[in-house]
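Visitor:
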Amino acid sequence: MKKLRERLQPLTLKGKIEYLIEYYSFHMIAAVVILFFLILGINTFSNQHKEILSVRVVGANTNAEQTIKLQKELEKYVVNTKKNESMSVHAINTSEVSSNPDSLAKIQKLAAEIAAKEVDVLLVDEETFHQFNEEENLYDLSSLNELIEWKEKKYPSQNDPNKITGIDVSEISSFSTIVETNNPLVLAILTNTERIDEVKKFVHNLK
Numbered sequence: 440m441k442k443l444r445e446r447l448q449p450l451t452l453k454g455k456i457e458y459l460i461e462y463y464s465f466h467m468i469a470a471v472v473i474l475f476f477l478i479l480g481i482n483t484f485s486n487q488h489k490e491i492l493s494v495r496v497v498g499a500n501t502n503a504e505q506t507i508k509l510q511k512e513l514e515k516y517v518v519n520t521k522k523n524e525s526m527s528v529h530a531i532n533t534s535e536v537s538s539n540p541d542s543l544a545k546i547q548k549l550a551a552e553i554a555a556k557e558v559d560v561l562l563v564d565e566e567t568f569h570q571f572n573e574e575e576n577l578y579d580l581s582s583l584n585e586l587i588e589w590k591e592k593k594y595p596s597q598n599d600p601n602k603i604t605g606i607d608v609s610e611i612s613s614f615s616t617i618v619e620t621n622n623p624l625v626l627a628i629l630t631n632t633e634r635i636d637e638v639k640k641f642v643h644n645l646k
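If you count by the working numbering, then the sequence shown holds residues 440 to 646, one letter each, in order.
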């Protein structure tokens, strides 16, 4: 490509002025367009919500309506809206897996989310908890100072009785929408969570 000076050389003064106006107008427009999209991108990024906690409710009688109510309840003391924080609470009904393709897909998605470290907390019935406990992918809750004086039932690791991998949260009022009669609701934390500080804050507020 010719340099600007070489392009201007054969032109008259009027031609040079017209060429320069057109030349710099094009570059100015390009700069404005780039700046516009840059600002748009920054605004979009800054307005995105940051998910600080991901909860999955897994059990035989779980449904979406219950978890919607639960999420609204938990957001009161978990989420700081001024910081654009958010949390997610989703239900997976295990009783429908054999007959409902959507439920099976949710189970498969849950497994993928756990592997990808996208799930922090599990709220499950006792039977489901024991299944997770066998897989040895639950966090040792005995290491949390917030649970040292926990008065409700504690569930030990299947392979190490000194480790606590679940706690009964049936009596916590925030979970009343998903608690079943005569069936404990167990809270467990995934051992591969990358948001353990947020999880600790969450657990602290359960008292």
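The C-beta atom is built at its ideal place from N, Cα and C for all residues, glycine as well. The structure presented is a predicted model; accordingly, all values stated were derived computationally and were not measured.
Which of the three DSSP states is assigned to I733 in this structure?
Guide: Since the first residue shown for the chain is 440 and the last is 646, residue 733 is missing from the structure and cannot be characterised.
Visitor: Report the rounded CA-to-CA distance for N648 versus N523, giving the unit in angstroms.
Guide: No answer is possible for residue 648: it lies beyond the span of the chain, which begins at 440 and ends at 646.
Visitor: Under a Cβ-count criterion, where at least 16 other Cβ atoms within 10 Å of its own Cβ denotes burial, should T520 be classed as buried or exposed?
Guide: T520 is exposed by the Cβ-count criterion.
Visitor: Using three-state DSSP, classify A544 as helix, strand or coil.
Guide: If DSSP states are grouped into helix, strand and coil, A544 belongs with the helices.
Visitor: Where does N532 sit, in a helix, a strand or coil, going by DSSP?
Guide: N532 falls in the strand class under three-state DSSP.
Visitor: For N631, I'd like the list of residues in its chain whose CB is within less than 6 Å of its CB, leaving aside the five on either flank, ordered along the chain.
Guide: Answer for N631: K556, listed in chain order.
Visitor: Using the Cα positions of K548 and A470, report the straight-line distance between them to the nearest angstrom.
Guide: Computed Cα separation, rounded: 44 Å.
Visitor: Using only CA atoms, which one of P595, S615, D579, N621 lies nearest to V496?
Guide: Comparing Cα positions, the closest option is S615.
Visitor: With distances taken Cα to Cα, identify the nearest neighbour of G498 among E585, S596, K511, L626.
Guide: Cα-wise, what sits closest to G498 is L626.
Visitor: For A555, which three-state DSSP category applies?
Guide: Note: A555 maps to coil in three-state DSSP.
Visitor: Could you give the C-beta distance for K639 and L561, rounded to a whole number, given that I count them as a contact under 8 Å?
Guide: About 16 Å; that fails the 8 Å criterion.
Visitor: Which of the three DSSP states is assigned to V642 in this structure?
Guide: If DSSP states are grouped into helix, strand and coil, V642 belongs with the helices.
Visitor: In whole angstroms, what separates the C-alpha of I531 from that of K508?
Guide: Between I531 and K508, the C-alpha separation is close to 15 Å.
Visitor: On the three-state DSSP scale, how would you describe K592?
Guide: Coil at K592, not helix or strand.
Visitor: How many angstroms separate the CA atom of P623 from the CA atom of D564?
Guide: Each residue's Cα considered, the two are about 6 Å apart.
Visitor: Between I611 and L580, is the Cβ-Cβ spacing less than 9 Å?
Guide: Contact flag unset, no.
Visitor: For the candidate residues V642, L543, I617, whose alpha-carbon lies nearest to that of N500?
Guide: It is I617.
Visitor: Using alpha carbons as the reference points, say which of N576, G605, S525 lies closest to A554.
Guide: Minimum Cα distance to A554 is reached at N576.
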